[in-house]
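Peer 1: First the structure, then my questions, so here it is.
Protein chains: 2
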Amino acid sequence: MVESYGPDLARRVLSGERRALAQAITLVESGRTDHREMALSLLEQLAPPRREAMRIGLSGAPGVGKSTFVEALGIMLAEEGLRVAVLAVDPSSARSGGSILGDKTRMERLSRHPKAFIRPSPSQTRLGGVARRTYEATALCEAAGFDTVLVETVGVGQSETLVAEMSDLFVLLIAPAAGDELQGIKRGIMEIADLILVNKADGNLKRSAMGTCAEYAQALRHLRPRQQDPEGFPKAMTVSALNGEGLPEVWSQIRALDEWRRRHGHRRRCRAAQARRWFESEIHRGLVERITADRAVRQRMADLGDLVAEGKLFPANAAEELLRRIPAK
Amino acid sequence: MVESYGPDLARRVLSGERRALAQAITLVESGRTDHREMALSLLEQLAPPRREAMRIGLSGAPGVGKSTFVEALGIMLAEEGLRVAVLAVDPSSARSGGSILGDKTRMERLSRHPKAFIRPSPSQTRLGGVARRTYEATALCEAAGFDTVLVETVGVGQSETLVAEMSDLFVLLIAPAAGDELQGIKRGIMEIADLILVNKADGNLKRSAMGTCAEYAQALRHLRPRQQDPEGFPKAMTVSALNGEGLPEVWSQIRALDEWRRRHGHRRRCRAAQARRWFESEIHRGLVERITADRAVRQRMADLGDLVAEGKLFPANAAEELLRRIPAK
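Take a look at the structure:
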């Protein structure tokens, strides 16, 4: 597939061709140096975006019904005529070799919908690298004219924070808690969530979903209001991805929040800050890559890192020693 | 003062001489290149620490009684025979030129105590820089044999996160809420706090302090337990810095938590991870400093950052362009 990258790939992506978008994402995900050059050239041709998609980050532990929710929401939006792209950041892919969306049977209906595009997580070795590529894939979906880009993650380690760094708003999906045994939200998440959705609010679980929702609504009151939020956000709601109950309300809240933030300039400011941070981290990564291209430097950096971790060397001294070994240009 | 740095400064710091410690901190805070070299040499001589201090991060909004609390806790510990150092990270110092502990009349009793050492925040231009120096000052206090190092911040912007990156445990001080108007905790803080202390639990405010405490205790239940916490942590407690009520209980909880974490290896692992992150950020900083020593590169980096923020250039392309301008060695 990689062979077919041509000068018209940018044009084909811009025209919304799904196959071209898939190829473009494969290109940015590739680890080969020549591919990276082509990827950079492609990204350059696609900036600035002619039109912005709404970028929604979504996280939830395994078993909360994340793919059922994404499929239900995706189909609802696609039926409304919106073009929906789904990307995944899978923190476990490095170990398992699998991917969140790798299972072909998942989101079968959505994946066949002409308005939808589903992309499994790349199998990369480092989460930071995966996220960087997904950030780029998000931009490609935007260039391809998608209205909504859903970036999902199971939320291990830093993956939510990284997904939040490429999203306009962040949705956390949780399951109803059993009895009064409270399910703890992972630290740091309540801070980035705009919406907490208690899924499975159907059948036997409906009642406990409502109870769980009320408890989270209460917990959210303890957070200081954010400047970029209208009254009432962040918000906890119940939803049933299974029977669709609550789904239109969820979408209406998402739209209202996004609309408000755009009107007040928060979305623009948020994206500008995100872009600056990606720029900085690209510079850091690029500079470190340069020095560690030298095998001896790479080894020394690893050794110094160990000495620092053991407390035998102070971080500033270790960094100084490493930098001293690298001649300034 | 700077003139007196001699080869025996390390020895004098190690012997616990307070004046030497003050000079050593001035040295690491200095922006001069020759001072930086001396500071690095000093830090090198002081690693690894012969004995670890307990490093406590402390944050609270203006008006919650932070300095009254630090003074009361500090004096209690000093009276028990412990040596206490107090450092400040002041995110506002860059603008105001002032500092958290700059006011000489604050903590007057503690500052006169022979077992105590108080150091105002350095007036630096960038928060990251201030924090780096405070991290180094923490190590200097440790080398000087202090038993406890309290690092305090008013908690604007990223300052709490930075303080947490140099602390073994983190205490958040809040004021009682008026009536049922809930005071929101700044986002991200509940996640790093080990203890939430509702101060001013005295006189008229005692009742509302207890109410506020109960509400936060409830909110903390919503957080997933952390691996590095024993049963019951994070914890909310009331305290009166004014009359000392609750202070021994607070200290006993802090000690219990630290003891538990040390016994289970969490403190060692936490410090190792912190040190690695400081090492990485020192490398990043050093590499960026090198390239931006060239004025044209510095200007280009600023311009590219603006283009990226405006969405006109994609971060990866901007970074690539910047790095292309810098010849590899």
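Protein chains in written order, with the numbering used here: chain D, 201 to 529; chain L, 201 to 529. Positions of the beta carbon are idealized from the N, C-alpha and C atoms, including for glycine. No experiment lies behind these values; they were computed from the predicted model shown.
#1: What is the rounded straight-line gap between the Cα of L/V439 and the Cα of L/Y416?
#2: Does the separation of the CB atoms of D/I389 and D/L372 fall below 8 Å?
#3: Is D/L442 near D/T334, with beta carbons less than 8 Å apart?
#4: What residue range is occupied by the uninterrupted alpha helix (DSSP H) comprising D/G355?
#5: Counting contacts by CB-CB distance shorter than 8 Å, is D/R461 in contact with chain L?
#6: Could you please give the first and the last residue of the uninterrupted beta strand (DSSP E) stretch that includes D/F346?
#7: Is the distance from the Cβ of D/F317 to the Cβ of D/A339 below 8 Å?
#8: Report buried or exposed for L/G281, applying the criterion of at least 16 other Cβ atoms within 10 angstroms of its Cβ.
#9: Taking DSSP as the reference, what is the three-state secondary structure of L/R255?
#10: Where do the ends of the alpha helix (DSSP H) carrying D/A409 lie?
#11: Return yes when the Cβ of L/F514 is within less than 8 Å of the Cβ of D/L487, no when it is not.
#12: Please confirm if D/K512 has its CB atom under 8 Å from at least one CB of chain L.
#13: Does DSSP classify L/V141 as helix, strand or coil?
#14: Within 8 Å of any Cβ in chain D, is that where the Cβ of L/P314 sits?
#15: Answer with yes or no whether the minimum CB distance from D/R455 to chain L is below 8 Å.
#16: Report yes or no: do the segment 394-414 of chain L and the segment 224-239 of chain L share at least 3 C-beta pairs separated by less than 8 Å?
#17: What three-state label does DSSP hand D/V264 in the structure shown?
#18: For L/R495, which option in L/G265, L/L522 and L/K400 has the closest C-alpha, if you only look at C-alpha atoms?
#19: Cβ of D/L169 less than 8 Å from any chain L Cβ?
#20: Once you ignore the five residues that flank D/M307 on each side, which residues in its own chain have a CB closer than 8 Å to its CB?
#21: Quick one: list the residues of chain L neighbouring D/P376, beta-carbon separation under 7 Å, in chain order.
#22: Quick one: Cα of D/G297 to Cα of D/R476, how far?
#23: Does DSSP classify L/V286 as helix, strand or coil?
#24: Going by the DSSP bridge assignment, what does L/K435 pair with across the sheet?
#25: Could you name the residues of chain L that D/R255 contacts, counting a contact when the two beta carbons are closer than 8 Å?
#26: Return yes when the Cβ of D/E217 is within less than 8 Å of the Cβ of D/E342, no when it is not.
#27: For the 8 Å Cβ check, are there 3 or more pairs between the segment 390-403 of chain D and the segment 445-457 of chain D?
#28: From the beta carbon of D/I225, is the nearest beta carbon of chain L less than 8 Å away?
#29: Skipping 5 residues on each side, what residues in its chain have a beta carbon closer than 7 Å to that of L/P262?
#30: Round the Cβ separation of D/V289 and D/V363 to the nearest angstrom and send it over; I've been treating them as touching at under 8 Å.
#31: Keeping to the same chain, check which residues put their C-beta closer than 7 Å to that of L/L507; ignore five residues upstream and five downstream.
#32: Of all the options D/R212, D/M366, D/A222 and D/A210, which has the alpha carbon lying nearest to the alpha carbon of D/R467?
#33: Going by C-alpha distance, which of D/E510, D/L258 and D/L447 is nearest D/E360?
#34: Determine, using beta carbons only, whether L/V508 comes closer than 8 Å to chain D.
#35: Per DSSP, what are the beta-bridge partners of D/W319 in this structure?
#36: Could you check the C-alpha separation between D/P425 and D/K435 for me, to the nearest Å?
Peer 2: Quick look at the numbers:
#1: 14 Å
#2: yes
#3: Their beta carbons are not under 8 Å apart, which means D/L442 does not touch D/T334 by this criterion.
#4: Note, D/G355: premise wrong, no alpha helix (DSSP H); not H, not E.
#5: no
#6: No beta strand (DSSP E) contains D/F346, which DSSP labels as neither H nor E.
#7: no
#8: Result: exposed.
#9: Here DSSP, grouped into helix, strand and coil, assigns L/R255 to strand.
#10: K406 to L420
#11: No, the pair does not count as a contact, with Cβ atoms beyond the cut-off.
#12: yes
#13: In this structure chain L extends from 201 to 529, so residue 141 of chain L is not present and cannot be described.
#14: no
#15: no
#16: no
#17: coil
#18: A check of alpha carbon separations from L/R495 across L/G265, L/L522 and L/K400 identifies L/L522 as the nearest.
#19: Outside the displayed span of chain D (201 to 529) sits residue 169 of chain D, for which this structure offers no information.
#20: Excluding the 5 residues flanking it on each side, D/M307 has same chain C-beta neighbours closer than 8 Å at S267, V270, E271, G274, V286, L301 and I318, in chain order.
#21: The contact set of D/P376 on chain L, defined by CB atoms closer than 7 Å, is empty, because the minimum CB distance reaches about 14 Å.
#22: At D/G297 the pLDDT is 38, less than 50, meaning the model places this residue with poor confidence and gives no usable figure here.
#23: strand
#24: L/L395
#25: What D/R255 touches in chain L: nothing, since even the nearest Cβ is about 13 Å away.
#26: Against a cut-off of 8 Å, the Cβ pair of D/E217 and D/E342 comes out as no contact.
#27: Contact holds: three or more Cβ-Cβ distances are below 8 Å.
#28: no
#29: V354
#30: 5 Å
#31: L513 and A518
#32: D/M366
#33: D/L258
#34: Proximity of L/V508 to chain D, defined by a Cβ-Cβ separation below 8 Å, is satisfied.
#35: The question names Trp, yet the displayed sequence has Arg at residue 319 of chain D. Answer is D/L287, bridged to D/R319.
#36: 11 Å
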